[in-house]
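In what follows, a single structure is set out as structure tokens and then discussed.
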Amino acid sequence: MTETSPCRVLVCTHYRFGPQAQSCAMRGSEELLAALQQAAAEGRLAAEVEVGVCFGHCTIGPNVKIVGGALLHGVAPHDVAAVVDAVAARSD
Ligand code: FES
27 MTETSPCRVL VCTHYRFGPQ AQSCAMRGSE ELLAALQQAA AEGRLAAEVE VGVCFGHCTI
87 GPNVKIVGGA LLHGVAPHDV AAVVDAVAAR SD
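The sequence shown runs 27 to 118 under my numbering.
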């Protein structure tokens with residue numbers, strides 16, 4: 027029997043400051059992080075959900091990286107099902 031490591035899901039919660047600044051945190055990524063962590067705790071999302079770094083796509087966040095899979099943009103707390111699908115589709 028082979029044991030596989032759990033999938034990791036990284037949520038950018040980075041703030042950027044300045045008059046033109048846009049960031050995942052300003053677009054609600056803290057709420058998204060909480061929703062994904064709750065889904066994982068309830069067994070609806072088979073992943074470890076962690077705070078991630080800025081992925082450099084700050085204007086189209088909140089951004090979520092599925093380790094070994096997709097980088098998702100514009101993810102909202104009601105998009106948990108899309109994250110579940112992305113975890114299922116990852117390559118490792
Ligand atoms: S602030 Fe989230 S990708 Fe840069």
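All C-beta atoms in this analysis are idealised placements derived from N, C-alpha and C, irrespective of residue type, glycine included.
Below 8 Å, enough C-beta pairs join the region 49-62 and the region 86-102 to call them touching: three or more. V75: member of the beta strand (DSSP E) spanning A73 to G78, first to last residue. With 16 or more other Cβ atoms from the protein chains shown falling within 10 Å of its own Cβ, H40 counts as buried. Look at P103: its beta carbon is at least 8 Å from all of the heavy atoms in the ligand FES. Counting only runs of 3+ residues, the beta strand (DSSP E) found wholly inside the region 29-90 occupies 33-38 and 73-78, in chain order. Separation of the CB atoms of V37 and V77 is rounded to 6 Å, and the pair is thereby assigned contact status at 8 Å. In this structure, the straight-line span from the alpha carbon of A67 to that of E57 is close to 15 Å.
Residue environment for S55: buried (at least 16 other C-beta atoms within 10 angstroms of its C-beta). For the set L71, A115 and R42, the Cα lying nearest the Cα of F81 is the one of R42.
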